[in-house]
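One structure below.
2 protein chains.
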Amino acid sequence: MDKEKELLAAALKLFVEFGFHGTPTSKIAKEAGVANGTLFHYFKTKEELIVKLYIRIKEELNGHMLSKLDDQTPLEIRMKTVYEESIQWALVHRDEFYFIQQFHFSPHLAKVSAEDLEKQTRMHAALLGEGVESRIFKALPVNLIGTLLASQLYGVHQYLVNNDLPVSKQKEVIDETFVLLWQMITNIKS
Amino acid sequence: MDKEKELLAAALKLFVEFGFHGTPTSKIAKEAGVANGTLFHYFKTKEELIVKLYIRIKEELNGHMLSKLDDQTPLEIRMKTVYEESIQWALVHRDEFYFIQQFHFSPHLAKVSAEDLEKQTRMHAALLGEGVESRIFKALPVNLIGTLLASQLYGVHQYLVNNDLPVSKQKEVIDETFVLLWQMITNIKS
DNA sequence: ATTTTTATAGAGTGATCAGTCAGTCTTATA
DNA sequence: TATAAGACTGACTGATCACTCTATAAAAAT
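Here it is, written out as structure tokens:
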């Protein structure tokens, strides 16, 4: 087995349950089934482990999204895909998503390089830019539109986590709220 | 001077800068200008301090909102007041608001009693209930409407933090986005 | 076959930190 | 004024933790 992956998986599980400072490196090593020192063979410091875990998870999410997007489809479809697939991914990968949020409100965020951060928003920025340039979006600042999209996405995900509905109902909520969002940010009359 | 308040203020400042585990109780005491042991005279444990700080801040926010609400005004005005005043408060009390978010994604949240949590959503629940019963809102689950409101509120706040606009422009963004939100969740045609 | 490099182990270490304790100072009350 | 109660102090402690170090085993390179 790949000990590095074991360590990251163990860390994720423990961080979500006990928080960053609530999980000593010794517990991570134990949970991963390796010796204490082995952890420091793969990661120079605990912080490096945390940051790498974050980047790894973000890459997974990004890879997933890219695999679902098709440049040939119209903007609305691609936006819908991003919206729906993001929520679905977050529902399936609960620990990972919670970890991302935890990480975002921690001082560790500052340790992520600017490039790494930029890499993760590039796709969204491209989509939003397209919407603005093609005048499909309302005449609002592009960042504001991005914020509206992101926050509603987070919100609807939170709603689905708090109220466990059958999968079909979940899909309905996602579809309905996307229509609401689309009406809000575009000039299109339905 | 009130040492308990000094301690809470010092803790807030340090927590926001260094995170919960990044700030030892010794530093909090020093920053507050009191002896180490005094901290434990007022708070049995570090965790109690953190939780009390959270509740204190939430009470302040709630008190502020209540002072701005007038039962006589129509629902739309009251909702707008909640929306606008929440964002304004968060902009003025940056540290407090950041702390709330930090706290929300930490294991400490579990230590807040159910009553304390309920107390903080009562006002919002009442407003939302009124909107549903009066059929002003669309026929959507009340929690979903609440989520849509809350998430957009958070989002617009984040947008204003990331882009520093003159106050008049800020007000414009708040007004505009409230109209968008209101159109999204109500049946009213503008 | 021999050397070098890499992976793994786990006991050990120095620093840090939450929380204690024994005692002093301040204030209120009798 | 005497006494009690509460506020306050800061040195101290026991535990914990991130990280190191030495040693060994496995794998790769020569």
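Same order as they appear, the protein sequences are chains C and W. Quick note, the first sequence lines up with residues -18 to 171 if you use my numbering. Quick note, the second sequence lines up with residues -18 to 171 if you use my numbering. No residue lacks a Cβ here, since even glycine has one placed at the ideal position from N, Cα and C.
Distance between D97 (chain C) and L47 (chain C) (C-alpha atoms, nearest Å) | The residue given as residue 47 (chain C) occupies position 66 in the first sequence. The residue given as residue 97 (chain C) occupies position 116 in the first sequence. Spanning the two alpha carbons is a distance of roughly 17 Å.
DSSP state of L62 (chain W), grouped into three classes?
-> Looking up residue 62 (chain W) in the second sequence gives position 81. Note on residue identity: the sequence assigns Thr, not Leu, to residue 62 (chain W). Secondary structure of T62 (chain W) (DSSP, three-state): helix.
Among the residues of its own chain, which have a CB less than 6 Å from the CB of Q151 (chain W), if the five just before and after it don't count?
-> To locate residue 151 (chain W), count along the second sequence from 1; it is residue 170. Excluding positions up to five away in sequence, the list reads L141.
For F(-1) (chain C), which of helix, strand or coil comes out of DSSP?
-> Locating residue -1 (chain C) in the first sequence gives position 18, counting from the first residue. In the structure shown, F(-1) (chain C) sits in a helix (DSSP, three-state: H, G or I).
Hey, how far is the Cα of G112 (chain W) from the Cα of T62 (chain W)?
-> Taking the second sequence and counting its residues from 1, one reaches residue 112 (chain W) at position 131. Taking the second sequence and counting its residues from 1, one reaches residue 62 (chain W) at position 81. One C-alpha to the other measures close to 15 Å.
Can you tell me whether L162 (chain W) is buried or exposed, with buried defined as 16 or more other CB within 10 angstroms of its CB?
-> Residue 162 (chain W) sits at position 181 when you count from the first residue of the second sequence. Burial check for L162 (chain W): the Cβ neighbour count within 10 Å reaches 16 or more, so the residue is buried.
Is DSSP giving F118 (chain C) helix, strand or coil here?
-> By one-based count along the first sequence, residue 118 (chain C) stands at place 137. Under the three-state reduction of DSSP output, F118 (chain C) falls in the strand class.
Buried or exposed: which applies to A182 (chain W), given that a residue is buried once 16 or more other Cβ atoms fall within 10 Å of its Cβ?
-> Absent from the structure is residue 182 (chain W), since the part of chain W shown begins at -18 and ends at 171.
Looking at Q133 (chain C) and K83 (chain W), is the spacing between their C-beta atoms short of 8 Å?
-> What you label residue 83 (chain W) is simply residue 102 of the second sequence in a count that begins at 1. What you label residue 133 (chain C) is simply residue 152 of the first sequence in a count that begins at 1. For the record, residue 83 (chain W) in the displayed sequence is Gln; it is not Lys. No, Cβ-Cβ distance for Q83 (chain W) and Q133 (chain C) is not below 8 Å.
Can you name the start and end residues of the alpha helix (DSSP H) that H89 (chain W) belongs to?
-> The sequence position of residue 89 (chain W) within the second sequence is 108, counting from 1. First-last for H89 (chain W): undefined, no H or E at that position.
From C:L(-7), C:G0, C:M(-18) and C:E(-15), pick the residue whose C-alpha is nearest to that of S87 (chain C); which is it?
-> Within the first sequence, residue 87 (chain C) is the residue found at index 106, counting from 1. Nearest C-alpha to S87 (chain C) among C:L(-7), C:G0, C:M(-18) and C:E(-15): C:G0.
Range covered by the alpha helix (DSSP H) that runs through L162 (chain C) | As a working note, residue 162 (chain C) is residue 181 in the first sequence. First-last of the alpha helix (DSSP H) with L162 (chain C): V148 to I166.
Can you name, in chain order, every residue of its own chain whose Cβ lies under 7 Å from the Cβ of K49 (chain W), other than the five neighbours on each side?
-> Your numbering for residue 49 (chain W) matches position 68 in the second sequence. The residues are T62 and E66.
Interface flag, N168 (chain W) vs chain C, CB-CB below 8 Å | Taking the second sequence and counting its residues from 1, the one referred to as residue 168 (chain W) is at position 187. When Cβ-Cβ separations below 8 Å define contact, N168 (chain W) makes no contact with chain C.
Looking at the C-beta of H74 (chain C), does it have a partner C-beta in chain W at a distance below 8 Å?
-> Start at 1 with the first residue of the first sequence, and residue 74 (chain C) comes out as number 93. Not closer than 8 Å to any Cβ of chain W, the Cβ of H74 (chain C) fails to qualify, so no.
Would you tell me roughly how many angstroms separate the C-alpha atoms of V73 (chain W) and T128 (chain C), rounded to the nearest one?
-> Start at 1 with the first residue of the second sequence, and residue 73 (chain W) comes out as number 92. Start at 1 with the first residue of the first sequence, and residue 128 (chain C) comes out as number 147. C-alpha separation (whole angstroms): 20 Å.
From the beta carbon of M165 (chain W), is the nearest beta carbon of chain C less than 8 Å away?
-> In the second sequence, the residue the question calls residue 165 (chain W) occupies position 184. Proximity of M165 (chain W) to chain C, defined by a Cβ-Cβ separation below 8 Å, is satisfied.
Give a yes or no on whether the minimum CB-CB distance between N43 (chain W) and chain C is below 8 Å.
-> In the second sequence, the residue the question calls residue 43 (chain W) occupies position 62. Chain C contact via Cβ: absent.
Reference I38 (chain C); option with closest CA among C:L(-7), C:G14, C:R59 and C:L56 | Locating residue 38 (chain C) in the first sequence gives position 57, counting from the first residue. With distances taken between Cα atoms, I38 (chain C) lies closest to C:L(-7).
When the cut-off is 8 Å and only beta carbons count, does S67 (chain W) lie next to chain C?
-> Residue 67 (chain W) sits at position 86 when you count from the first residue of the second sequence. Contact of S67 (chain W) with chain C is not assigned, every C-beta pair being separated by 8 Å or more.
Hey, is L90 (chain C)'s beta-carbon within less than 8 Å of any beta-carbon in chain W?
-> Locating residue 90 (chain C) in the first sequence gives position 109, counting from the first residue. Using a Cβ-Cβ cut-off of 8 Å, L90 (chain C) does not count as an interface residue toward chain W, since no Cβ of chain W sits closer than that to its own.
What do you reckon, are the CB atoms on I81 (chain W) and I155 (chain W) nearer than 8 Å?
-> Within the second sequence, numbered from 1, the residue matching residue 81 (chain W) stands at position 100. Within the second sequence, numbered from 1, the residue matching residue 155 (chain W) stands at position 174. I81 (chain W) places its beta carbon 8 Å or farther from that of I155 (chain W).
So which residues on chain W does H105 (chain C) lean against when the C-beta distance must stay under 8 Å?
-> Position 124 of the first sequence, counted from the first residue, corresponds to residue 105 (chain C). Ordered by position in chain W, no residue passes the 8 Å Cβ test against H105 (chain C), which lies about 14 Å from the chain.
Under 8 Å by Cβ, that's how I've got M193 (chain W) and N43 (chain W) pegged, so tell me the actual separation to the nearest angstrom.
-> Since the first residue shown for chain W is -18 and the last is 171, residue 193 (chain W) is missing from the structure and cannot be characterised.
So what's N144 (chain W) in DSSP terms, helix, strand or just coil?
-> As a working note, residue 144 (chain W) is residue 163 in the second sequence. Three-state DSSP puts N144 (chain W) in coil, outside helix and strand.
Contacts of Y135 (chain C) in chain W (Cβ-Cβ under 9 Å) = The residue labelled residue 135 (chain C) in the question sits at position 154 within the first sequence. Within chain W, the residues placing a beta-carbon under 9 Å from that of Y135 (chain C) are S132, Y135 and G136, ordered along the chain.
Within-8 Å CB hit, V154 (chain W) to chain C = Taking the second sequence and counting its residues from 1, the one referred to as residue 154 (chain W) is at position 173. Chain C contact via Cβ: present.
Answer with buried or exposed for G18 (chain C), where buried requires no fewer than 16 other C-beta atoms within 10 angstroms of its C-beta.
-> As a working mapping, residue 18 (chain C) is identified with position 37 in the first sequence. Around the C-beta of G18 (chain C), fewer than 16 other C-beta atoms lie within 10 Å, and the residue is accordingly described as exposed.
Proximal chain W residues relative to H2 (chain C), where beta-carbon distance stays under 9 Å = If you number the first sequence from 1, residue 2 (chain C) lands on position 21. G0, F1, H2 and G3, listed in chain order.
Give every residue of the same chain whose Cβ lies closer than 7 Å to the Cβ of K27 (chain W), excluding the five residues on either side of it in the sequence, and list them in chain order.
-> Numbered from 1 along the second sequence, position 46 holds the residue referred to as residue 27 (chain W). Taken in chain order, the residues that qualify are T6.
Comparing the C-beta of N17 (chain W) with each C-beta of chain C, is any distance below 8 Å?
-> Position 36 of the second sequence, counting from 1, holds the residue named residue 17 (chain W). Closer than 8 Å: no.
At a CB-CB cut-off below 8 Å, which residues of chain C make contact with S7 (chain W)?
-> The residue labelled residue 7 (chain W) in the question sits at position 26 within the second sequence. Chain C residues near S7 (chain W): none, gap ~16 Å exceeds 8 Å.
Which whole-angstrom value describes the C-beta separation of H2 (chain W) and H2 (chain C), a residue pair presumed to lie in contact below a C-beta threshold of 8 Å?
-> Position 21 of the second sequence, counted from the start, is the residue given in the question as residue 2 (chain W). Position 21 of the first sequence, counted from the start, is the residue given in the question as residue 2 (chain C). H2 (chain C) and H2 (chain W) do touch by the CB rule: their CB atoms are close to 3 Å apart, below 8 Å.
Spell out whether any CB of chain C is found under 8 Å from the CB atom of F21 (chain W).
-> Translated into positions along the second sequence, residue 21 (chain W) becomes position 40. Not one chain C Cβ lies under 8 Å of F21 (chain W).
Contact with chain W by T102 (chain C), beta-carbon distance below 8 Å | Within the first sequence, numbered from 1, the residue matching residue 102 (chain C) stands at position 121. For T102 (chain C), no CB of chain W lies under 8 Å from its own CB, so it is not counted at the interface with that chain.
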